[in-house]
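Protein chains in written order, with this note's numbering: chain W, 258 to 653; chain F, 22 to 116; chain U, 621 to 821.
To start, the structure itself, in structure tokens.
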């Protein structure tokens, strides 16, 4: 990676498999999935579509943080940011930039008031916390404000793109420290929407399996503290890992479907490798986007085989643990990759039994056959927006 | 004999209506029902339809005729052509 | 960085590289699509945000050589305030009434503001970076800064960037620019603000 080296000094996560890195790690090591019938979102589909909800209702999330209000996307984001900042030893956030990815934003809260608002025609429907930027602002306010905040909304690659943009900001010298990732809660709006696309599995999802029949939605937040190496040294902060490369490419194929050759995914992964000056043989693990839809997993398999050949590195999707956390997935899975690098294990691909034709054989054994030094973390989105991040336990 | 005669007139009217409805829900700009050949495939080259259009047709089946398809793959057989679709709806409609 | 082409659209009219034309009445994007005789049936399936962003990019790129050759060196980075609110509202009507509940997949697809970047990329064969930001308001400083960062990627040589904003009951507000990495410093906050305010430099 040319120019400034970007390192990771903090990480925070909340998802269906737990609050914080420790609970997450335990669940991953024990193979314990967080996919279950919907319990907290009010929907007629509660028992129809298993999902990865964070195991707490919104009032109890508020109590955890000592807050009177705040929507679910905001609360989940604050929990993950808090953990990351704490680990990085940052108490004053006024010199730090916050980049957050979300698409749902305050939709879930809006849903609770929308019907009532419609009953009074002529009144303006003004739901202060609805838009995506409002959730970022509310997160920032909790910590007393940041130097700069921005909200990225590129659907399911939002958090990955926030991390990518943070690295660019550090490399361009615009900022020394950035906290970047994403937060998203379940909403009826997108649960119904994904259902209308007929890509929700009625059973726990089975990424890369021949019998896969769609995805399970999830929710949560994942954030990384990214920092120039100079700044980390100056602050005497412990370095947890490095972001050595990243790539974003457009599949330019279809609004929602991925191309058969996985062009966007292929280009994004290749860019990340090129930036890091690494070859495919250097990659020790890939955390796949792996949603469990027939289309994504076939396309992503093809992209991996094109770039790595038959001798591809261990690969898994952790979405059978967390569900597809949409905009937050890039953040959540980047934290999972960091855990894999630190703890030297390979997250499993749950519920895999039979390989698909022309597909990949995902990780079944947590024990790596060689040290885990460099990993790719993929996040792909509708609009053909494909991002790959390259995380390492050493600089390049 | 007479009955079949009336049925085929009804069927032709129904197909015209169905095609107008397809043009409307799929936003097929500038097309008229007569531009769609009853025997030709709806997907593939002809109308330039894609996977989202197939999903929208599945919604149309449920909304207008009370027919529920469970999987997108089920659409493949049903959306072969206007003839096949019209026949399928006639035999399975609930409203 | 160098500003190559620009288009400004607001309630007063269209400025294409400074040349003014009146806004066609009604749906301006559809009127121009028909006027230019473009054949791209997918246009009619797009939501309003995609239609206006896509049509503006058509006007902006019309004269470019080898326009549809697939390329990875051009990024599409767009900004707006209201996300996909126009279409969100329409989609909501399909799930509002429990007795007439038929969520529309074709509308749901467009409830993502970044799809407009994808539509432009699909049309032109762009496989470079695409991104979408939501800001409280048009902000020339952030646009210039973000595009500068995007061009730091050695694989990116030019980008289509700007402001594509629409919301129910509000007139469309666009400023779309084509810039490249050549050193001619006419791509700056001052010029961008001038373009946004007056439609020309």
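In this text, a Cβ means the ideal position worked out from N, Cα and C, and glycines have one as well.
Spatial neighbours of residue i in its chain, beta-carbon cut-off 6 Å, leaving aside the 5 residues before and after
{"i": "residue 329 of chain W", "result": "315, 365, 442"}
{"i": "residue 793 of chain U", "result": "630, 785"}
{"i": "residue 407 of chain W", "result": "356"}
{"i": "residue 304 of chain W", "result": "294"}
{"i": "residue 622 of chain W", "result": "none"}
{"i": "residue 596 of chain W", "result": "282"}
{"i": "residue 504 of chain W", "result": "525, 528, 529, 645"}
{"i": "residue 79 of chain F", "result": "90, 96"}
8 Å contact criterion, which residue i and residue j should meet: CB distance rounded
{"i": "residue 355 of chain W", "j": "residue 396 of chain W", "result": "7 Å"}
{"i": "residue 591 of chain W", "j": "residue 481 of chain W", "result": "6 Å"}
{"i": "residue 556 of chain W", "j": "residue 612 of chain W", "result": "Actually they are not in contact, since the Cβ atoms of residue 556 of chain W and residue 612 of chain W sit about 16 Å apart, beyond 8 Å."}
{"i": "residue 635 of chain W", "j": "residue 544 of chain W", "result": "7 Å"}
{"i": "residue 521 of chain W", "j": "residue 507 of chain W", "result": "6 Å"}
{"i": "residue 116 of chain F", "j": "residue 87 of chain F", "result": "4 Å"}
{"i": "residue 681 of chain U", "j": "residue 687 of chain U", "result": "6 Å"}
{"i": "residue 403 of chain W", "j": "residue 351 of chain W", "result": "7 Å"}
Residue i vs residue j beta-carbon contact at 8 Å
{"i": "residue 341 of chain W", "j": "residue 269 of chain W", "result": "yes"}
{"i": "residue 416 of chain W", "j": "residue 500 of chain W", "result": "no"}
{"i": "residue 367 of chain W", "j": "residue 412 of chain W", "result": "no"}
{"i": "residue 586 of chain W", "j": "residue 752 of chain U", "result": "no"}
{"i": "residue 537 of chain W", "j": "residue 565 of chain W", "result": "yes"}
{"i": "residue 261 of chain W", "j": "residue 485 of chain W", "result": "yes"}
{"i": "residue 756 of chain U", "j": "residue 701 of chain U", "result": "yes"}
{"i": "residue 644 of chain U", "j": "residue 652 of chain U", "result": "yes"}
{"i": "residue 421 of chain W", "j": "residue 583 of chain W", "result": "no"}
{"i": "residue 624 of chain U", "j": "residue 799 of chain U", "result": "yes"}
{"i": "residue 741 of chain U", "j": "residue 641 of chain W", "result": "yes"}
{"i": "residue 780 of chain U", "j": "residue 696 of chain U", "result": "yes"}
{"i": "residue 807 of chain U", "j": "residue 621 of chain U", "result": "yes"}
{"i": "residue 788 of chain U", "j": "residue 745 of chain U", "result": "no"}
{"i": "residue 533 of chain W", "j": "residue 653 of chain W", "result": "yes"}
The alpha helix (DSSP H) enclosing residue i, as first and last residue numbers
{"i": "residue 74 of chain F", "result": "72 to 86"}
{"i": "residue 237 of chain W", "result": "Given that chain W is displayed from residue 258 to residue 653, the structure contains no residue 237 of chain W and the question cannot be resolved."}
{"i": "residue 219 of chain W", "result": "What the structure shows of chain W is the stretch from 258 to 653, and residue 219 of chain W is not part of that stretch, so it cannot be assessed."}
{"i": "residue 315 of chain W", "result": "315 to 322"}
{"i": "residue 816 of chain U", "result": "809 to 818"}
{"i": "residue 285 of chain W", "result": "277 to 287"}
{"i": "residue 653 of chain U", "result": "648 to 655"}
{"i": "residue 649 of chain W", "result": "From DSSP, residue 649 of chain W is part of no alpha helix (DSSP H) but of the beta strand (DSSP E) over 642 to 649."}
{"i": "residue 472 of chain W", "result": "No alpha helix (DSSP H) contains residue 472 of chain W, which DSSP labels as neither H nor E."}
{"i": "residue 448 of chain W", "result": "445 to 453"}
{"i": "residue 96 of chain F", "result": "95 to 99"}
Cutoff 7 Å; reference residue i; Cβ partners in own chain excluding five residues on either side
{"i": "residue 251 of chain W", "result": "No answer is possible for residue 251 of chain W: it lies beyond the span of chain W, which begins at 258 and ends at 653."}
{"i": "residue 311 of chain W", "result": "271, 272, 273, 333, 476, 477"}
{"i": "residue 723 of chain U", "result": "714, 715"}
{"i": "residue 569 of chain W", "result": "561, 562, 617"}
{"i": "residue 760 of chain U", "result": "809, 812, 813, 816"}
{"i": "residue 83 of chain F", "result": "89"}
{"i": "residue 300 of chain W", "result": "445, 448"}
{"i": "residue 579 of chain W", "result": "272, 273, 274, 291, 309, 475, 477, 589"}
Closer than 7 Å: residue i CB and nearest the ligand ATP heavy atom
{"i": "residue 766 of chain U", "result": "For the ligand ATP, the structure offers nothing, since it holds no ligand at all."}
Element boundaries [beta strand (DSSP E), containing residue i]
{"i": "residue 800 of chain U", "result": "793 to 800"}
{"i": "residue 625 of chain U", "result": "622 to 630"}
{"i": "residue 107 of chain F", "result": "From DSSP, residue 107 of chain F is part of no beta strand (DSSP E) but of the alpha helix (DSSP H) over 103 to 113."}
{"i": "residue 268 of chain W", "result": "263 to 272"}
{"i": "residue 632 of chain W", "result": "631 to 638"}
{"i": "residue 864 of chain U", "result": "Any property of residue 864 of chain U remains undetermined from this structure, which presents chain U solely from 621 to 821."}
{"i": "residue 297 of chain W", "result": "No beta strand (DSSP E) contains residue 297 of chain W, which DSSP labels as neither H nor E."}
{"i": "residue 544 of chain W", "result": "542 to 544"}
{"i": "residue 47 of chain F", "result": "No beta strand (DSSP E) holds residue 47 of chain F; DSSP gives it neither H nor E."}
Neighbourhood of residue i by C-beta distance below 8 Å, restricted to the same chain and skipping five residues each side
{"i": "residue 24 of chain F", "result": "Summary for residue 24 of chain F: the model assigns pLDDT 36, below 50, so the residue's position carries little reliability, and this model does not support an answer."}
{"i": "residue 306 of chain W", "result": "295, 448, 452, 457, 458, 459, 473, 474"}
{"i": "residue 627 of chain W", "result": "541"}
{"i": "residue 642 of chain U", "result": "633, 634"}
{"i": "residue 22 of chain F", "result": "Caution applies to residue 22 of chain F, whose pLDDT of 35 falls short of 50 and renders its modelled position unreliable; the value that the coordinates give is listed next. Excluding residues within five positions, none has a Cβ falling inside 8 Å."}
{"i": "residue 70 of chain F", "result": "47, 63, 64"}
Contact with chain B by residue i, beta-carbon distance below 8 Å
{"i": "residue 734 of chain U", "result": "No chain B appears in this structure, whose protein chains are W, F and U."}
Which ranges would you report for the beta strand (DSSP E) in the segment 339 to 416 of chain W if only whole runs of at least 3 residues count?
Runs found: 354 to 358, 405 to 409.
Which ranges would you report for the alpha helix (DSSP H) in the segment 477 to 540 of chain W if only whole runs of at least 4 residues count?
Counting only runs of 4 or more, we get 486 to 492, 520 to 533.
Residue ranges of each alpha helix (DSSP H) within the segment 716 to 788 of chain U, 4 or longer:
Here the runs fully enclosed are 725 to 729, 735 to 744, 760 to 770.
What residue ranges within the segment 663 to 721 of chain U form continuous beta strand (DSSP E) runs of no fewer than 3 residues, ordered along the chain?
Whole beta strand (DSSP E) segments, 3+ residues: 694 to 700.
For a minimum of 4 consecutive residues, which ranges assigned as the alpha helix (DSSP H) are wholly contained in the segment 550 to 616 of chain W?
For the segment 550 to 616 of chain W, whole alpha helix (DSSP H) runs of length 4 or above, ordered along the chain, are 551 to 565, 576 to 579, 586 to 600.
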